[in-house]
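S.K.:
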Amino acid sequence: MKFMIYGANGFVGQVLAIEAITRGFRPVLAGRNAQALAELAQKLDLEYQAFDLQNQDQVIDAISGIDLLMNCAGPFKYTYKPLVDACIREKVHYLDITGEIPVFQAIQARDEEAKAAGVMLMPGTGFDVVPTDCLALHLKNKLPTANELTLAYMQEGPARLPPGSAKTSIELIPFGINIRRNGKLIQAPDPFATRIIDFGSGEKEAVRLNWGDVFTAYYTTGIPNIANYAVLHPKVVARLKQIRKIRLFFRLKWLRRRMQKQLKGGSTPEQRAQSRMHVWGEVKDEQGNTAQARLHGPEAGVVWTIKTCLDSIQEIEKGKVKPGYQTPASVFGADFVLLTEGVTREDV
Numbered sequence: 004m005k006f007m008i009y010g011a012n013g014f015v016g017q018v019l020a021i022e023a024i025t026r027g028f029r030p031v032l033a034g035r036n037a038q039a040l041a042e043l044a045q046k047l048d049l050e051y052q053a054f055d056l057q058n059q060d061q062v063i064d065a066i067s068g069i070d071l072l073m074n075c076a077g078p079f080k081y082t083y084k085p086l087v088d089a090c091i092r093e094k095v096h097y098l099d100i101t102g103e104i105p106v107f108q109a110i111q112a113r114d115e116e117a118k119a120a121g122v123m124l125m126p127g128t129g130f131d132v133v134p135t136d137c138l139a140l141h142l143k144n145k146l147p148t149a150n151e152l153t154l155a156y157m158q159e160g161p162a163r164l165p166p167g168s169a170k171t172s173i174e175l176i177p178f179g180i181n182i183r184r185n186g187k188l189i190q191a192p193d194p195f196a197t198r199i200i201d202f203g204s205g206e207k208e209a210v211r212l213n214w215g216d217v218f219t220a221y222y223t224t225g226i227p228n229i230a231n232y233a234v235l236h237p238k239v240v241a242r243l244k245q246i247r248k249i250r251l252f253f254r255l256k257w258l259r260r261r262m263q264k265q266l267k268g269g270s271t272p273e274q275r276a277q278s279r280m281h282v283w284g285e286v287k288d289e290q291g292n293t294a295q296a297r298l299h300g301p302e303a304g305v306v307w308t309i310k311t312c313l314d315s316i317q318e319i320e321k322g323k324v325k326p327g328y329q330t331p332a333s334v335f336g337a338d339f340v341l342l343t344e345g346v347t348r349e350d351v
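In terms of the working numbering, the sequence shown opens at residue 4 and continues consecutively.
#1: How would you write the range of the beta strand (DSSP E) that isoleucine 8 sits in, first residue to last?
#2: Run the CB neighbour count on arginine 261, radius 10 Å, all protein chains shown included, and call it buried at 16 or more, exposed below.
#3: Ends of the beta strand (DSSP E) at alanine 149?
#4: Please specify which runs of the alpha helix (DSSP H), each continuous and at least 4 residues long, are wholly inside the segment 53 to 97, giving them in chain order.
#5: Relative to the C-alpha of valine 351, which residue among Asp288, Ile319 and Asp201 is closest?
#6: Is any beta-carbon of chain B found at less than 7 Å from that of serine 67?
#7: Taking the DSSP output, what are the residues bridged to alanine 294?
#8: Give me the DSSP bridge partner(s) of glutamine 190.
#9: Going by the beta-carbon positions, is the gap between valine 282 and leucine 138 smaller than 7 Å?
#10: Name the residue from Glu174, Glu151, Ala76 and Lys118 whose alpha carbon lies nearest to the alpha carbon of phenylalanine 252.
#11: Which whole-angstrom value describes the C-beta separation of glutamate 285 and threonine 101, a residue pair presumed to lie in contact below a C-beta threshold of 8 Å?
#12: Leaving out five residues before and five after glutamate 289 in sequence, what residues of the same chain have Cβ atoms less than 7 Å from its Cβ?
#13: Would you identify the three-state DSSP class for proline 165, choosing helix, strand or coil?
#14: DSSP puts asparagine 228 in a beta bridge; with which residues?
#15: I'd like the span of the alpha helix (DSSP H) that includes threonine 347, first residue to last.
#16: Answer yes if the segment 120 to 138 comes into contact with the segment 181 to 194, meaning at least three C-beta pairs across the two stretches below 8 Å, and no otherwise.
#17: The beta strand (DSSP E) with valine 210 in it runs from where to where?
#18: Per the DSSP calculation, proline 301 is bridged to which residue(s)?
#19: Assign leucine 40 to buried or exposed, taking buried as 16 or more other Cβ atoms, counted over all protein chains shown, within 10 Å of its Cβ.
#20: Using 8 Å as the threshold, is the segment 204 to 215 in touch with the segment 229 to 244, meaning 3 or more CB pairs across them?
#21: On the DSSP letters alone, give me the boundaries of the alpha helix (DSSP H) that leucine 342 sits inside.
#22: Which residues in the same chain as valine 234 place their Cβ atom closer than 6 Å to its Cβ, once the five residues preceding and following it in sequence are excluded?
#23: Where does alanine 39 sit, in a helix, a strand or coil, going by DSSP?
#24: Would you list the one or two residues that DSSP bridges to glutamate 159?
#25: Measure the C-alpha to C-alpha separation of aspartate 60 and phenylalanine 195 and round it to an integer number of angstroms.
#26: Spell out the partners DSSP gives methionine 125 in its beta bridges.
#27: Are the beta-carbon atoms of valine 122 and proline 331 separated by less than 7 Å?
#28: Apart from the five residues just before and just after alanine 76, which ones in its own chain have a Cβ nearer than 7 Å to its Cβ?
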């Protein structure tokens, strides 16, 4: 299978390209920065294509002959559309690592076009949202009558968000906190809600958080009520509360850019090796029955993300393809996440 990594010279894209080679792939590197791509391509002995997403003819020419495109260039609201347009036209499967709810919505809206073209559109093949998506389906299988789903995560260790993910989190501030209620996406009436959760090492306080699952897990499981939480450092929680009170001001592009310039760089390989991610999920039904489960895996922003990306590509190479908008677990199954080395699941 011939696939392209767009954003290959970015923080996650570079690691993905290196890991892809170890699995026997020879991806085509792509992005805007021709010099950076040329240097990386020479180092890895790979092909590269430099092109501007504002020029649709360039995009179409670049992906001609490609079977699959993996978009690693976030924030994805700025990159997904020209790539999806070209993929549908050229019959190229599209994957990315977004966690942005508006991007999931926009790509899902292209479902019928993609089906007609025989193309699979699968945004969210990184930590956003493979582990949580698979856990949601696992829980739905345990309690088929479930009508409420809660998902949460907690990181242990010093790893920081990749730069692209951190920038994206700032881009999403104006959208507030979304939950799904009775099948509809709505603004959470209680955006500062907390929940006590045991991830396997004792109870922790988790705060309500925006996460792609409020959109994607609905398509995977059909569960109409969904919310997400995360355990964050108290200083981060305090800052989030301040920001959420003035979130509408973040519609101003200059303010978002100012905050993004203050961000620190991504984590080092050593920091990632010292970090672990824990995911928890619970479903309930109208009779009060519940089911809980946990996932434990490596650092999420880079390590777990690149592994699920490549696992997804390998599954597609085996023929696991379903045209149209798809979620990872709906195509690959609830146990797909367990293919990743170092990932374990436990029912609670």
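Ideal Cβ positions, reconstructed from N, Cα and C, are used throughout, including at glycine.
M.R.: According to the structure shown:
#1: In the sequence shown, counting from the first residue as 1, residue 8 sits at position 5. Taken as a continuous stretch (DSSP letters only), the beta strand (DSSP E) holding isoleucine 8 covers 6 to 9.
#2: If you number the sequence shown from 1, residue 261 lands on position 258. Exposed: under 16 other Cβ atoms inside 10 Å.
#3: Here residue 149 refers to the residue found at position 146 when the sequence shown is read from its first residue. Taken as a continuous stretch (DSSP letters only), alanine 149 belongs to no beta strand (DSSP E), as it is neither H nor E.
#4: 59 to 66 and 83 to 93
#5: Start at 1 with the first residue of the sequence shown, and residue 351 comes out as number 348. Ranking the options by Cα distance to valine 351, first place goes to Asp201.
#6: Any reference to chain B falls outside this structure, which holds one protein chain only.
#7: Position 291 of the sequence shown holds residue 294. Answer is Val286, bridged to alanine 294.
#8: Looking up residue 190 in the sequence shown gives position 187. Answer is Asn181, bridged to glutamine 190.
#9: The sequence position of residue 282 within the sequence shown is 279, counting from 1. The sequence position of residue 138 within the sequence shown is 135, counting from 1. Yes, these two residues count as a Cβ contact at 7 Å.
#10: Numbered from 1 along the sequence shown, position 249 holds the residue referred to as residue 252. Of the listed residues, the one whose Cα sits closest to phenylalanine 252 is Glu174.
#11: Walking along the sequence shown from the start, residue 285 turns up at place 282. Walking along the sequence shown from the start, residue 101 turns up at place 98. That belief does not hold up - the Cβ atoms of glutamate 285 and threonine 101 are roughly 25 Å apart, past 8 Å.
#12: As a working mapping, residue 289 is identified with position 286 in the sequence shown. Closer than 7 Å at Cβ, skipping near neighbours: Asn150.
#13: Translated into positions along the sequence shown, residue 165 becomes position 162. Three-state result, proline 165: coil.
#14: Reading the sequence shown from its first residue, position 225 is the one you call residue 228. Paired residue(s): Glu151.
#15: On the sequence shown, position 344 is the one that residue 347 refers to. Note, threonine 347: premise wrong, no alpha helix (DSSP H); beta strand (DSSP E) at 347 to 350.
#16: no
#17: One-based indexing of the sequence shown puts residue 210 at position 207. 206 to 211 is the span of the beta strand (DSSP E), which, as asked, contains valine 210.
#18: Translated into positions along the sequence shown, residue 301 becomes position 298. In DSSP, proline 301 forms a bridge with Arg279.
#19: Within the sequence shown, numbered from 1, the residue matching residue 40 stands at position 37. It is buried - the Cβ of leucine 40 has at least 16 other Cβ atoms within 10 Å.
#20: yes
#21: Residue mapping note: residue 342 aligns to position 339 of the sequence shown, counting from 1. No alpha helix (DSSP H) contains leucine 342, which DSSP labels as neither H nor E.
#22: Counted from its first residue, the sequence shown places residue 234 at position 231. So the list reads Met157, Lys207 and Ala209, once near-sequence residues are dropped.
#23: Counted from its first residue, the sequence shown places residue 39 at position 36. Residue state, collapsed to three classes: helix.
#24: Counting from 1 along the sequence shown, the entry for residue 159 is found at position 156. Looking at the DSSP assignment, glutamate 159 forms a beta bridge with Arg279.
#25: The residue you call residue 60 lines up with position 57 of the sequence shown. The residue you call residue 195 lines up with position 192 of the sequence shown. For aspartate 60 and phenylalanine 195, the distance between alpha carbons rounds to 46 Å.
#26: As a working note, residue 125 is residue 122 in the sequence shown. The partner list for methionine 125 (beta bridge, DSSP) reads Leu98.
#27: Sequence index remark: in the sequence shown, residue 122 carries index 119 (1-based). Sequence index remark: in the sequence shown, residue 331 carries index 328 (1-based). Contact flag unset, no.
#28: Locating residue 76 in the sequence shown gives position 73, counting from the first residue. Once the five neighbours on either side are set aside, the close Cβ partners of alanine 76 are Tyr9, Gly10, Gly13, Gly34 and Thr82.
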